[in-house]
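A.B. asks: Before I ask anything, let me first share the structure, which is written out below as structure tokens.
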DNA sequence: ATCTTTGCAAAAGTTTTGCATATCC
DNA sequence: GGATATGCAAAACTTTTGCAAAGAT
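Residue numbers (this note's numbering), protein chains in the order written: chain A, 192 to 334; chain B, 192 to 334.
Laid out in structure tokens, this is it:
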């Protein structure tokens with residue numbers, strides 16, 4: 192995401208009534224430049240945030256604020272920490288169990304039918320699903 | 192799972208060469224009686240383990256041992272701790288975002304085709320997938 | 001006898017909280 | 001001015017580790 196798109200996103204969020212303070216903007220802009228979901232620690236290590244000297248507590252508070260507003264999504268891929276990413280469009284992850292690389296894929300899986308079936312058979316109303324694939328990435332598959 | 196089934200499971204695992212010491216058996220038997228995935232803290236709180244006075248470190252070590260052997264599966268449903276359950280048969284979870292109840296569902300979703308497509312387009316070799324549904328359970332849907 | 005597991009206590013790591021100050025509208 | 005966010009430090013919580021003792025084959 193380039194700087195223009197980022198500013199567009201931030202003003203869009205501001206229009207929706209979100210108070211976007213410096214800490215929150217910094218978190219958003221780090222995540223907008225990341226190519227994969229990041230942990231709180233990784234976000235804090237980012238040069239962007241280091242330069243702006245944002246406190247750890249602020250990062251955590253910004254993350255939960257933004258998650259509660261639906262701007263960010265919290266992922267817990269197997270194993271490690273809590274990972275956050277911008278909640279822009281529905282997608283899935285390919286998680287390499289060897290090198291731990293995370294790739295993002297977009298594809299339309301026909302889960303709607305199954306979500307209807309779940310409603311009928313259990314009464315559960317599905318609001319969202321999380322589908323992640325674990326295995327070996329292209330490089331690790333070859334070794 | 193009743194006591195007979197549990198003993199069968201334990202001797203099956205022992206046959207596979209797993210050293211099933213008292214701590215590990217206790218963890219397995221707690222999870223065998225649980226109706227949902229449990230956190231390390233919940234496992235330790237279990238009356239079973241309290242009676243047998245198993246150390247916290249042993250519980251953690253048993254959990255990672257059993258997970259590494261494929262006996263347990265580690266789940267990280269969005270939000271809270273690490274949850275473990277017996278890895279008996281492939282299934283999915285319905286997670287209520289209001290009351291946090293977790294239901295287990297078994298259904299056959301045709302993801303194999305999509306896993307082949309992923310292989311072709313990205314080179315990633317899918318070994319397993321995790322599919323979880325978030326929403327409102329029957330009771331919470333009605334309120 | 002050797003190798004592995006356990007208990008204990010301490011350490012490491014992550015996330016949350018209280019409070020005073022600063023910022024925003 | 002009133003409400004909300006931030007920084008700092010301390011606390012709370014979860015998970016891991018070192019080491020000596022106990023257990024397993």
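We treat Cβ as the ideally placed atom computed from N, Cα and C, and that holds for glycine.
Taking only beta-carbon positions, decide if residue 233 (chain A) is within less than 8 Å of chain B.
C.D. replies: no
A.B. asks: From the DSSP output, read off the bridge partner residues of residue 326 (chain B).
C.D. replies: A:317 and B:287
A.B. asks: Would you report the Cα separation of residue 332 (chain B) and residue 318 (chain A), rounded to the nearest angstrom?
C.D. replies: 11 Å
A.B. asks: Counting C-beta neighbours from all protein chains within 10 Å, is the total for residue 267 (chain B) 16 or more, i.e. buried, or is it exposed?
C.D. replies: buried
A.B. asks: With three or more C-beta pairs closer than 8 Å as the rule, is the segment 279-289 of chain A touching the segment 321-330 of chain A?
C.D. replies: With the cut-off at 8 Å, the segment 321-330 of chain A and the segment 279-289 of chain A touch.
A.B. asks: Could you tell me the boundaries of the beta strand (DSSP E) in which residue 274 (chain A) lies?
C.D. replies: 274-277
A.B. asks: How about the segment 273-283 of chain B and the segment 223-234 of chain B: do they share at least three Cβ pairs that are nearer than 8 Å?
C.D. replies: yes
A.B. asks: Just the C-alpha distance for residue 256 (chain B) and residue 211 (chain B), rounded to the nearest angstrom, thanks.
C.D. replies: Each residue's Cα considered, the two are about 10 Å apart.
A.B. asks: Which class does residue 237 (chain B) belong to by DSSP, given the choice of helix, strand or coil?
C.D. replies: coil
A.B. asks: Contact criterion: CB-CB distance below 8 Å. Does residue 133 (chain B) meet it with respect to chain A?
C.D. replies: Lying before the first or after the last residue shown, residue 133 (chain B) is absent from chain B, which here runs from 192 to 334.
A.B. asks: With 8 Å as the threshold, decide whether the Cβ of residue 230 (chain B) is near any Cβ in chain A.
C.D. replies: no
A.B. asks: Return the chain-ordered list of same chain residues with a C-beta closer than 7 Å to the C-beta of residue 248 (chain A), the five sequence neighbours on each side being excluded.
C.D. replies: none
A.B. asks: Is it buried or exposed, residue 291 (chain B), if we count other Cβ atoms within 10 angstroms and call 16 or more buried?
C.D. replies: exposed
A.B. asks: So, with DSSP's three-state summary, where would you put residue 221 (chain A)?
C.D. replies: helix
A.B. asks: Kindly indicate if chain B contains any beta-carbon less than 8 Å away from that of residue 285 (chain A).
C.D. replies: yes
A.B. asks: With DSSP collapsed to three states, give me the class of residue 293 (chain B).
C.D. replies: Look at residue 293 (chain B) here: in three-state DSSP terms it is strand.
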